[in-house]
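Per this note's numbering, the very first residue in the sequence shown carries number 549; after that it's consecutive. A short worksheet on the structure shown next.
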Amino acid sequence: MHRLFVALRPPPDIRDALVDAMDELPGARWQDEEQLHVTLRFIGEVERHQAEDIAAALATVSAPVIEARVDGVGTFDRRGRVDTLWARIVPAEPLAALHRKVDQALARAGVARDTRRYLPHLTLARFGRSSSDAGAIARWVADHAALSTPTFTLPHLILYESHLGHEGAQYEPVARWPLA
């Protein structure tokens with residue numbers, strides 16, 4: 549089985565700026581520089597033949613190069629507990645349009661449509677079930693609310709395979725397509 553997702557990768561200077569913002573926060577499992585990406589669509593586990601169909605479908609996606617920037621931070625909650633800390637990516641509409649195109653291509657490859665609202669972001673940290681300190685997280689979000697970067701380009705659509713292990717997830721680019 550192959551655990552796949554589709555993403556865009558910010559340039560090194562933007563990834564470095566985000567890593568620099570990752571400071572003391574109890575219970576945070578910070579993403580490292582190699583893990584920083586803008587997810588367009590999580591696919592999940594698929595067999596090899598479907599992975600090949602997915603790659604072929606994604607190769608047909610046509611979209612302009614995305615120009616974006618980081619603008620603030622936020623959290624995702626699960627069952628009333630913060631489980632993810634993220635940096636917002638703006639403007640949202642070009643990314644949402646690309647998300648829709650990717651979702652359509654994946655549907656042609658037999659992947660169920662994504663029914664969740666799409667929020668362009670870069671995951672900065674994750675929290676375990678018992679390790680999140682709501683007060684500390686709220687302080688970190690308040691302290692970093694103005695986190696921003698200059699505009700940068702996201703020139704490639706990338707299909708990644710995620711390998712889960714004791715050290716966390718490792719992401720391997722499987723295929724890359726230039727945006728026009």
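Built from N, CA and C at the ideal position, the CB exists for glycine as well.
Annotated as proximal: I562 and T697, with beta-carbon spacing under 7 Å. H647 counts as buried, since no fewer than 16 other beta carbons sit within 10 angstroms of its beta carbon. A residue is called buried once 16 or more other Cβ atoms fall within 10 Å of its Cβ, and R665, having fewer, is exposed. Residue environment: Q652 is assigned as exposed (fewer than 16 neighbouring CB atoms within 10 Å of its CB, all protein chains considered). When the beta-carbon positions are compared, A694 and L633 stay at least 7 Å from each other. In the DSSP assignment, V594 falls within the beta strand (DSSP E) that extends over V586 to V594. For the region 617-699, the full-length alpha helix (DSSP H) segments reaching 4 residues or more read 640-656 and 682-691 along the chain. Here R557 really is in contact with H704; their C-beta atoms are around 7 Å apart, less than 8 Å. Residue burial is scored here from C-beta neighbours: T608 has fewer than 16 other C-beta atoms within 10 angstroms and is therefore classed as exposed. Residue burial is scored here from C-beta neighbours: R656 has fewer than 16 other C-beta atoms within 10 angstroms and is therefore classed as exposed. Bridge partners of L573 according to DSSP: none are assigned. With 16 or more other Cβ atoms from the protein chains shown falling within 10 Å of its own Cβ, R589 counts as buried. Sorting L667, E715, P559 and I602 by C-alpha distance to the C-alpha of L702 places P559 at the top. One alpha carbon belongs to T663, the other to E720, and they sit about 26 Å apart. A Cβ-Cβ separation of about 19 Å leaves A717 out of contact with L573 under the 8 Å criterion.
In the DSSP annotation of this structure, the continuous segment of the beta strand (DSSP E) that includes Q718 starts and ends at G716 to P726. In this structure, T587 places its C-beta atom within 7 Å of the C-beta atom of A555.
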